[in-house]
Structure formats: structure tokens, C-alpha cells
Amino acid sequence: MPVIRDIGDGSQDALLVRVQAGGYTGWGECEASPLVSLASWICPMSHSACKPLIASVLGQELNDVSDIHRINALVRENSYDLLQTDHTLSGIDIALWDLLGWRLGEPVYRLLGYKTAFAKTPYASQLFGDDPHETYEHAVAVRKMGFRAAKFGWGPYGRGDAETDRHHVEAARGGLGEDVTLLVDVGTVWGEDVDRARARIPALEANGVGWIEEPFACGALDAHQKLAAETSIPLAGGEGCHNIHQAKTMIVHAALGYIQIDAGRIGGITIAKQAADYASARGVRYVNHTFTTHLALSASLQPYAGLEGDCFCEYPFSPSILARELTKESLALDPQGRIQLPEKPGLGMDIDLEVVAKYVVDTEIRVGGRLLYRTPQINGGGEHGHLGAPHAASLTAPRFEDG
């Protein structure tokens with residue numbers, strides 16, 4: 001966006017990944033700082049376990065699902081000590097699934113082994129208002145638009161006194177009415193302070209809140225366990241997990257009712273599906289985490305599309321105009337207040353290249369006077385099945401040999 005505000009809105013910029021192979025194009029999106037991720041794609045090698053991601057991706061064959069798993073594992077092996085790897089890999093992995101879906105004529109969820117994509121109940125995900133009245137107005141708007149669930153988070157909640165927080169929760173419940181599910185996202189603001197969380201429990205329980213999301217930092221296992229033992233409200237968390245091992249730890253040891261995984265952070269659809277399977281086997285509900293575009297929304301739904309009991313999904317309610325315009329399609333609510341994944345190949349989303357061109361940030365990365373990265377041309381390779389000329393050293397246009 002032309003202006004980036006210091007608020008909890010992750011839709012103010014976007015890092016798109018474009019992969020091309022055999023005449024097909026796939027698109028993905030990273031939930032990460034764009035410049036840092038571009039650097040991890042192209043940075044000089046430090047040692048054998050700290051290579052740029054380009055060393056493990058560019059020129060690889062992409063013929064079937066096993067190749068995506070192989071590339072994902074290769075990146076992790078070769079870039080083990082590069083801490084941005086998981087975020088950058090996420091967008092690449094998503095784009096690989098999209099591309100393979102278009103090549104095989106199948107939606108991604110079928111490539112993952114699901115026969116059916118069950119409709120999900122989206123919750124309108126938004127920030128608390130600056131004051132309770134604004135929160136109330138936001139809640140009324142959600143109800144009028146037909147949502148059956150809404151989540152309020154971040155903003156002032158948890159940063160002041162418990163009484164002010166109570167007024168916000170009451171305002172949200174009042175605006176939604178009793179028949180709309182209310183969820184609350186604390187945004188890790190309490191760190192590991194169980195006492196601060198405990199003080200908010202009466203108001204949350206009195207207003208029928210469906211879950212308490214991220215009351216503590218991701219990985220603060222003891223704090224999660226203590227709070228879970230003191231309330232009947234399920235805890236939700238895990239969006240900060242950036243590998244399968246962190247996700248498994250949260251599922252087993254954080255006493256969560258819901259594990260929230262961001263496919264744009266954890267390593268893509270490949271790892272998100274592993275987390276969904278692991279959670280399902282242990283009776284923990286899986287929920288997507290996404291707050292940006294409908295490309296990211298579609299990608300985030302694929303890993304648990306076939307799990308009928310895991311019915312909630314996060315739905316960006318008021319993202320930036322950049323996020324709203326980036327795709328030509330969107331996942332709209334049906335008359336029952338649900339959304340359904342598209343049956344088109346891949347992720348079922350087409351990128352609007354005119355919008356990309358409008359917002360693209362011209363970037364160069366040089367080391368020792370040598371050009372390592374330049375923002376690629378936007379035209380070409382935008383439509384699925386029509387391959388444009390890729391830039392030789394671009395995250396958005398690596399070329400794959402198609403067997």
C-alpha cells in the first residue's frame with residue numbers, strides 16, 4: 001500500500017510467488033516481510049546448511065505430488081540455518097500445488113487425497129474498535145452481511161484494564177446478537193501472564209465466547225495449560241508455528257481446542273496438511289489462519305477441506321484494497337452463511353496483473369556490485385496455462401523443467 005499504518009493489519013503488503021513449468025503458471029503468497037523473504041530467496045550461501053532457497057528450487061522437475069514433497073524437504077535441508085526459510089518456502093510450496101493442479105486439471109484438495117471439499121463456516125475476522133461503540137458498529141455490520149460467526153481481536157483489547165475489555169466484549173455480543181458465534185483474539189499481548197488472562201475470563205464466559213485465541217505467545221505451553229484448566233472456553237492458537245514440529249508441540253502440550261495454522265508461514269500446503277492430519281488424529285480441531293487475499297484464503301482451506309467436523313474458517317472481513325483487488329475471484333458467502341472451495345483446477349484463483357502492476361514495488365538486491373534480484377516484469381505468465389518469459393533470478397518467476 002502507498003502508506004503502511006502501525007496497526008495489526010497484515011494485508012497492507014503482499015509477497016506473491018509465481019512459478020512456471022511446462023507451459024503452466026502457479027501462484028502462491030507468503031505471509032511474511034516481502035524484502036526479507038526476497039533476500040532469503042537469493043542471498044549468497046553462508047555454508048552447506050545456509051543456502052538461498054533458489055539453490056533448491058530453480059530447475060527442479062515438477063511432475064506429481066511427490067515432487068512437491070521432495071522440493072519442500074530439499075529446501076529445509078539446504079536452508080536449515082536460514083530462519084526466513086519457512087515463510088519464503090510457504091509461498092513457493094503453495095504456488096507449486098496451484099501449478100500442479102492446473103497441469104492435472106484437479107483442485108488442490110483432490111491432489112491432497114480428499115474426495116470432497118466440505119463447506120466451511122467463515123468467521124468475519126477483524127480488529128476491535130478504538131472504543132466499545134466502534135466495536136458495536138463493526139459487529140452490527142457483520143450480522144447484516146449474513147455471517148454466522150465473527151472474531152474480534154488486537155486493537156486495544158488486553159492492553160488496558162479488564163473493565164474496558166469487558167465493555168468491548170459486551171459491545172461485540174450486543175451487536176452480533178445471541179445467534180452469531182463470537183470469538184476473541186488476544187494477539188499474544190499477555191505474553192505468559194496467566195493472571196492478566198484470568199481477570200478477563202468472567203466477561204468472556206458471560207458473553208458466550210466460543211474460543212480465546214492466542215492469549216499467550218506461541219510456544220508458552222505452561223501458560224496455555226494453566227489457563228485451559230481454569231475455563232470452559234476452548235483455547236485456540238498456533239498461527240506462529242513455522243514448522244510441523246512446533247505445530248505438533250502445540251497440539252499435544254498446549255491444551256488447545258483449536259490449532260490455527262497459516263499455510264503462508266508453516267511451509268505451505270504440504271506442511272499444513274500434515275498438521276491437519278496430526279490434529280485430527282488427536283481430537284483437536286484445525287482452523288486456517290489467514291488475514292490477507294483470497295488467494296491465501298483458498299490456499300489455507302485446502303489442507304482441511306475434506307475434514308467435515310472442522311467447520312470454522314477465518315475470513316478476512318475488512319482487508320486493504322490491495323488484498324481485495326489482487327484476485328479476480330473471491331469466495332463469497334452462500335445463503336447459509338458458508339463458503340465453498342472452487343472446483344476449478346489448482347487454487348481456483350486468477351491474479352489480476354493490472355492490480356499487481358499498480359502496486360508493485362521496484363526492488364533490486366546487489367551484493368558486491370553484482371545484481372542478484374530485480375523485480376520481474378509483471379506481464380507474461382499471469383494466466384494459468386500461458387507461460388511468459390521468466391526473469392533469470394526472480395522469486396516470482398523461477399523456471400521448472402517439466403518431465
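Each residue of the sequence shown is one higher than the last, beginning at 1 in the numbering used here. Ideal Cβ placement from N, Cα and C applies to all residues, glycine included.
Alpha-carbon to alpha-carbon, D350 and L62: If you number the sequence shown from 1, residue 62 lands on position 62. If you number the sequence shown from 1, residue 350 lands on position 350. If you draw a straight line from the Cα of L62 to the Cα of D350, it comes to about 21 Å.
Cross-strand partners of T327 (DSSP beta bridge): Position 327 of the sequence shown holds residue 327. Paired residue(s): I351.
Cβ of A281 within 8 Å of any chain D Cβ: Included in the structure is just one protein chain, with no chain D present.
Endpoints, the beta strand (DSSP E) within which K151 is located: Counting from 1 along the sequence shown, the entry for residue 151 is found at position 151. Annotation for K151: the continuous beta strand (DSSP E) segment containing it runs 149–153.
N-terminal and C-terminal residue of the alpha helix (DSSP H) that G160 is part of: Within the sequence shown, residue 160 is the residue found at index 160, counting from 1. G160: not part of any alpha helix (DSSP H); DSSP gives it neither H nor E.
Local Cβ density within 10 Å of H47, reported as buried at 16 or more and exposed below that: Taking the first residue of the sequence shown as position 1, residue 47 is located at position 47. With fewer than 16 Cβ atoms within 10 Å of its Cβ, H47 is classed as exposed.
Identity of the residue in R18, D179, L333 nearest P122 by Cα: Here residue 122 refers to the residue found at position 122 of the sequence shown. Distance from the Cα of P122 is smallest, within the candidate group R18, D179, L333, for L333.
Cβ neighbours of A276 in the same chain (closer than 6 Å, five flanking residues each side left out): Taking the first residue of the sequence shown as 1, we reach residue 276 at position 276. Listed in chain order, the non-local C-beta contacts of A276 below 6 Å within the same chain comprise Y286, P303, Y304, local neighbours out to five positions each way being set aside.
Runs of beta strand (DSSP E) lying entirely within the segment 184–216, each at least 3 residues, in chain order: Counting whole runs of 3 or more residues, the segment 184–216 contains the beta strand (DSSP E) stretches 209–213.
Of the listed residues V194, D179, E170, nearest to E205 (C-alpha basis): Along the sequence shown, read from residue 1 onward, the residue named residue 205 stands at position 205. Looking at the Cα atoms, E170 is the closest of the given residues.
As assigned by DSSP and simplified to three states, the class of D6: Looking up residue 6 in the sequence shown gives position 6. Looking at D6 - three-state DSSP - the assignment turns out to be coil, as it is neither helix nor strand.
Spatially closest choice to G155 from D9, R198, I4, L16, by CA coordinates: Numbered from 1 along the sequence shown, position 155 holds the residue referred to as residue 155. Ranking D9, R198, I4, L16 by Cα distance to G155 puts D9 first.
Environment of E213 [buried if 16+ CB atoms lie within 10 Å]: Translated into positions along the sequence shown, residue 213 becomes position 213. E213 should be labelled buried.
Selected residue, minimal CA-CA separation from I266, among A21, P2, L89, T231: Reading the sequence shown from its first residue, position 266 is the one you call residue 266. Comparing Cα-Cα distances from I266 to each of A21, P2, L89, T231, the minimum goes to L89.
Counterpart residues of K248 in DSSP-defined beta bridges: Counting from one through the sequence shown, the residue named residue 248 turns up at place 248. Paired residue(s): none; K248 is not in a bridge.
Residue range of the unbroken alpha helix (DSSP H) whose run includes N72: Residue numbering aside, residue 72 sits at position 72 when the sequence shown is read from its first letter. Per DSSP, N72 belongs to the alpha helix (DSSP H) from 65–78.
Cβ pair A279, I251 closer than 8 Å: Start at 1 with the first residue of the sequence shown, and residue 279 comes out as number 279. Start at 1 with the first residue of the sequence shown, and residue 251 comes out as number 251. Yes. Within cutoff.
Cβ-Cβ distance between A217 and E192 below 8 Å: Locating residue 217 in the sequence shown gives position 217, where the first residue counts as 1. Locating residue 192 in the sequence shown gives position 192, where the first residue counts as 1. Yes.
Integer-rounded CB distance, given that I339 should sit under 8 Å from V356: The sequence position of residue 356 within the sequence shown is 356, counting from 1. The sequence position of residue 339 within the sequence shown is 339, counting from 1. Rounded, the Cβ-Cβ distance is 24 Å, inconsistent with contact.
For G59 and G208, the rounded distance between their alpha carbons: Indexing the sequence shown from 1 puts residue 208 at position 208. Indexing the sequence shown from 1 puts residue 59 at position 59. Each residue's Cα considered, the two are about 53 Å apart.
Exposed unless 16 or more other CB atoms sit within 10 angstroms - verdict on R132: The residue you call residue 132 lines up with position 132 of the sequence shown. For the record, residue 132 in the displayed sequence is Pro; it is not Arg. Here P132 is buried: its Cβ has 16 or more other Cβ atoms, across all protein chains shown, within 10 Å.
Buried/exposed call for H253, threshold 16 Cβ in 10 Å: Within the sequence shown, residue 253 is the residue found at index 253, counting from 1. Counting other Cβ atoms within 10 Å of its Cβ, H253 stays below 16 and is therefore classed as exposed.
Those residues which DSSP pairs with F312 across a bridge: The sequence position of residue 312 within the sequence shown is 312, counting from 1. Looking at the DSSP assignment, F312 forms a beta bridge with T121.
Cβ-based neighbour list, Y24, same chain, cut-off 6 Å, excluding 5 preceding and 5 following: As a first step, residue 24 must be located in the sequence shown, where it is residue number 24. Once the five neighbours on either side are set aside, the close Cβ partners of Y24 are L99, W102, R103, G385.
Minimum C-alpha distance to D185 - residue among L301, L235, L53: On the sequence shown, position 185 is the one that residue 185 refers to. If we check each option's Cα against that of D185, L235 comes out closest.
Counted within 10 angstroms of its Cβ, other Cβ atoms place H294 as buried (16 or more) or exposed: As a first step, residue 294 is located in the sequence shown; it is residue number 294 there, counting from the start. It counts as buried.
DSSP-derived helix/strand/coil call for L38: If you number the sequence shown from 1, residue 38 lands on position 38. It is helical.
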